[in-house]
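Chains as they are written, first to last, in the working numbering: chain A, 1 to 504; chain B, 1001 to 1078.
Where a beta carbon is used, it is the ideal one built from N, C-alpha and C, also for glycine.
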Amino acid sequence: MDFMITVSMLVIYIIGLAYAVFSNPLPNQQFEEFAVGGRSFGWQFITMTIIGTWYPGSLMIGWAQMGYDMGFTSTYIVFYTLGGLFVFFLICSPLWKLGKVYNLKTMGQLFEIRYNSRNLRIFTGLVVMLVELPWIITELLASGYAIQAITYQRIPFNLGMAIIAVFFIIYVLFSGMRAVILADYYQGWMFLIGGITLFLVTIYSIFGGIPEMLMEVRNLNAELLTVPGPNAGWGGEVPGELFWPSLILMGMLGAYMWPSLFSRIFAAASTRELKESLRITPFVAPTFTLLILWTAIGAAARPEFNLGDSAYALVNMISSLGPVAVALIGILILAGAMSMMDSMLSSWAIVLVNDVLTPLFPNMNSKSQTMITRIFTVIIGLAGLAMAMTDLPTIVQILTRVYQAIVQVFPAVFLGLVWKRGNKYSAWAGTLTGLVIVVYFAFTQPDYVPFLGGMQAGLLAVAINFTVYIAIAYITKPEENVDDVFAHIKTADSELKRIDLAEK
Amino acid sequence: MKDFIRSENGKIVYWIIGIISAVIFAFILIPSLFSTINKLEPMIMGVPFLFFMEFLLGMILAAMLALLYWVQKVRGEL
């Protein structure tokens, strides 16, 4: 009976998702439509797509484990989400305007236009794609786990992953970014309604309320309720007082540098639609995160749910409420995993075609770009599945470092948008210096650097990256086309009105 | 209020939002300031002080972001 309930709920969820995606085909096969959805999405979609993509399935497994083991420190996500939205507010307007005027789809393309360097476009395209790669594997693992849980182990782990992978590959093939945004819109509502309800019901059913839950944690292990530091040590080895701020700063600066989120900026219908999402996202996203992570911290008060692996303590606790709860938490993990994987898959295929192949074969037409992007979608999706099925013990370790690497493109993006002086030499030098430092520390230190007060190496690297960028920019000449690029940002509004009139 | 925001002096609202946000981020990111809120006591509404402050500061930052959007909208700068 339990099996029938959980599987029925899963089937309803999948049918709803399929309907949302497949009832909205591409209006044409142009690359513009496939890559950025024709730049046509309103604020409701941008809001939900940010929420949908922001929360991976591993939030309820990997980060929940951090909440269980490290307590309050895990909630750094709340502040980096908000800080990331401030960064989004600063960069979204000039980025979107340049995107519209120059027909941009990716970060690599932005670099080519701004820094007048095709090689920098290819390099950036490859780097951001490789840096994001570990995510798809962890999300596939999360979806395999979710299917296994929902079906009470009747569908094996690898088969569960394969079913989900084939499903989202098919819908990305169907309509590219349009499918991704529609799917994420659906998943975003799943998070809001299903997620918030489920976590509140869990807290009130098991503990009787949030204060009661935190009091139980306090009685068992009060150290989980503060961040380790001079006044609140955990005893034994702690990362140091700069670990907490560096986690937040890395997240803030890197948040919108992921190709899967960066390209969303270009999918909006206008800068107004992008900024309208700020009416809702800053309130909803942190509240939902807090609910998940506070509940994960609460799970630490009930050691009976830790069945040998704290990563699943939160899921085990929620599952104890019965089959409906099992299905809901499984579907939430699936929703998080799929909304992240589809974004990545489509972004990578688009980046590969747009930033690597198109510069090498400039005569490729728009329909060929769409067709090759579809082929890459299948190849990358199946390659990710194959990697997830192999035993990769270092993948979680790699995942903790990727944020430190992705943030190294931030100085070139941000300074490139606000400072005319920056040029290709400063962008190359800053980015390469930052990446070399991150790689060096990745092989020589734990996730934090003890002799830097627990600071993550990525923060040190990005500070040096900024310094190198500025220094090189001062000793070399600005790009010849830089005045044109900045003039386009300034006069974009009138230019866009002219383009719209011409299109009509 | 809207007339003031639309005026040249209305730009001061950006400064106010910036300063409030910067002060909050300073309390979150600078260890010596963060240590003033990184504690269990006093419990507020039944939750530890740090948890209450996390929610409160988070909501103020969210309000600042929404206010930024609103001010830009009123000033016609979106």
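Reference residue i, options the options, closest by Cα
{"i": "I318(A)", "options": "N481(A), I203(A), L182(A) and V482(A)", "result": "I203(A)"}
{"i": "R424(A)", "options": "P446(A), N481(A), G38(A) and F376(A)", "result": "First, the amino acid is wrong: residue 424(A) is Lys here, not Arg. Comparing Cα positions, the closest option is N481(A)."}
{"i": "E304(A)", "options": "S40(A), Y68(A) and M48(A)", "result": "Y68(A)"}
{"i": "N221(A)", "options": "L1040(B), Q1072(B), L1056(B) and I1028(B)", "result": "L1040(B)"}
{"i": "K367(A)", "options": "F34(A), A18(A), T6(A) and I15(A)", "result": "F34(A)"}
{"i": "I147(A)", "options": "A268(A), I333(A) and N354(A)", "result": "I333(A)"}
{"i": "E479(A)", "options": "L104(A), M66(A), S74(A) and F111(A)", "result": "F111(A)"}
{"i": "Y102(A)", "options": "P27(A), F266(A), D184(A) and L247(A)", "result": "F266(A)"}
{"i": "E273(A)", "options": "L10(A), E32(A), A18(A) and F41(A)", "result": "F41(A)"}
{"i": "T271(A)", "options": "E132(A), W43(A) and R218(A)", "result": "W43(A)"}
{"i": "M252(A)", "options": "V78(A), A149(A) and V217(A)", "result": "V78(A)"}
{"i": "A162(A)", "options": "V180(A), G176(A) and I136(A)", "result": "I136(A)"}
{"i": "V87(A)", "options": "I1005(B), W1070(B), S1021(B) and I1044(B)", "result": "S1021(B)"}
{"i": "L432(A)", "options": "F72(A), I475(A), T467(A) and P239(A)", "result": "T467(A)"}
{"i": "S143(A)", "options": "F45(A), A327(A), I196(A) and I489(A)", "result": "A327(A)"}
{"i": "S1035(B)", "options": "S277(A), T226(A), M107(A) and L130(A)", "result": "T226(A)"}
{"i": "Y1069(B)", "options": "I1017(B), F1055(B) and S1032(B)", "result": "I1017(B)"}
{"i": "Q109(A)", "options": "L214(A), V351(A), G176(A) and M129(A)", "result": "V351(A)"}
{"i": "A473(A)", "options": "A487(A), V485(A) and P411(A)", "result": "P411(A)"}
{"i": "P134(A)", "options": "F414(A), P27(A), G381(A) and Y440(A)", "result": "G381(A)"}
{"i": "P1096(B)", "options": "A492(A), L17(A), P228(A) and F361(A)", "result": "No statement about residue 1096(B) is possible, as the shown extent of chain B runs from 1001 to 1078 and does not include it."}
Coil, strand or helix - residue i by DSSP
{"i": "V227(A)", "result": "coil"}
{"i": "V407(A)", "result": "helix"}
{"i": "I395(A)", "result": "Residue placement at I395(A) is flagged as unreliable, the pLDDT there being 49, under the threshold of 50; the coordinate-derived value follows with that caveat. Looking at I395(A) - three-state DSSP - the assignment turns out to be helix."}
{"i": "I1081(B)", "result": "For chain B, the structure presents residues 1001 to 1078; residue 1081(B) sits outside this window and is missing."}
{"i": "A269(A)", "result": "coil"}
{"i": "W1015(B)", "result": "helix"}
{"i": "F207(A)", "result": "coil"}
{"i": "W234(A)", "result": "Model confidence at W234(A) stands at a pLDDT of 43, short of 50, so the residue's coordinates are unreliable; what they give is reported in the following sentence. Three-state result, W234(A): coil."}
{"i": "F361(A)", "result": "coil"}
{"i": "L385(A)", "result": "helix"}
{"i": "I489(A)", "result": "helix"}
Short Cβ contact (8 Å threshold) for residue i with residue j
{"i": "I1037(B)", "j": "F1025(B)", "result": "no"}
{"i": "G336(A)", "j": "G99(A)", "result": "no"}
{"i": "F174(A)", "j": "F22(A)", "result": "yes"}
{"i": "A299(A)", "j": "L314(A)", "result": "yes"}
{"i": "A405(A)", "j": "L435(A)", "result": "yes"}
{"i": "F3(A)", "j": "Y186(A)", "result": "no"}
{"i": "M505(A)", "j": "S246(A)", "result": "The displayed coordinates of chain A run from 1 to 504. Any statement about residue 505(A) would go beyond what the structure contains."}
{"i": "T138(A)", "j": "G62(A)", "result": "yes"}
{"i": "P282(A)", "j": "L85(A)", "result": "yes"}
{"i": "V407(A)", "j": "G458(A)", "result": "yes"}
{"i": "L249(A)", "j": "L1029(B)", "result": "yes"}
{"i": "L140(A)", "j": "A165(A)", "result": "yes"}
{"i": "G37(A)", "j": "R154(A)", "result": "no"}
{"i": "L200(A)", "j": "I297(A)", "result": "no"}
{"i": "I403(A)", "j": "G240(A)", "result": "First, the residue type needs correcting, since residue 403(A) is Tyr and not Ile in the sequence shown. Against a cut-off of 8 Å, the Cβ pair of G240(A) and Y403(A) comes out as no contact."}
{"i": "F1027(B)", "j": "L1057(B)", "result": "yes"}
{"i": "Q29(A)", "j": "T370(A)", "result": "yes"}
{"i": "R302(A)", "j": "T49(A)", "result": "no"}
{"i": "Y469(A)", "j": "L415(A)", "result": "yes"}
{"i": "F288(A)", "j": "F191(A)", "result": "yes"}
{"i": "T373(A)", "j": "V356(A)", "result": "no"}
{"i": "M1059(B)", "j": "F1052(B)", "result": "no"}
Proximity test, Cβ basis, 8 Å: residue i and chain E
{"i": "R264(A)", "result": "Here the protein chains are A and B, and chain E is not one of them."}
Whole beta strand (DSSP E) elements within the region 45 to 132 of chain A, 3-residue minimum: Runs of the beta strand (DSSP E) inside the region 45 to 132 of chain A: none found.
The region 300 to 315 of chain A contacting the region 88 to 106 of chain A, beta-carbon criterion three pairs below 8 Å: The region 300 to 315 of chain A vs the region 88 to 106 of chain A: no contact.
Complete runs of the alpha helix (DSSP H) confined to the region 139 to 203 of chain A [at least 4 residues]: Counting whole runs of 4 or more residues, the region 139 to 203 of chain A contains the alpha helix (DSSP H) stretches 157 to 189.
Any 3 or more C-beta pairs closer than 8 Å across the region 112 to 120 of chain A and the region 424 to 442 of chain A: The region 112 to 120 of chain A is in contact with the region 424 to 442 of chain A.
Segment contact, 8 Å Cβ cut-off, at least three pairs: the region 343 to 358 of chain A with the region 253 to 263 of chain A: Taking one beta carbon from each stretch, the region 343 to 358 of chain A and the region 253 to 263 of chain A have 3 or more pairs nearer than 8 Å; the two touch.
Segments of 4+ residues assigned as alpha helix (DSSP H) that fall wholly inside the region 270 to 314 of chain A: Restricting attention to alpha helix (DSSP H) runs no shorter than 4 residues, the region 270 to 314 of chain A encloses them at 271 to 276 and 281 to 299, ordered along the chain.
Minimum length 4: unbroken alpha helix (DSSP H) runs contained in the region 313 to 353 of chain A: 313 to 319 and 323 to 351, all fully within the region 313 to 353 of chain A.
Three-pair Cβ contact test at 8 Å for the region 156 to 171 of chain A versus the region 371 to 387 of chain A: At 8 Å Cβ cutoff, the stretches touch.
Segment contact, 8 Å Cβ cut-off, at least three pairs: the region 458 to 470 of chain A with the region 1003 to 1013 of chain B: A contact is defined here as three or more CB-CB pairs under 8 Å, and the region 458 to 470 of chain A fails this definition with respect to the region 1003 to 1013 of chain B.
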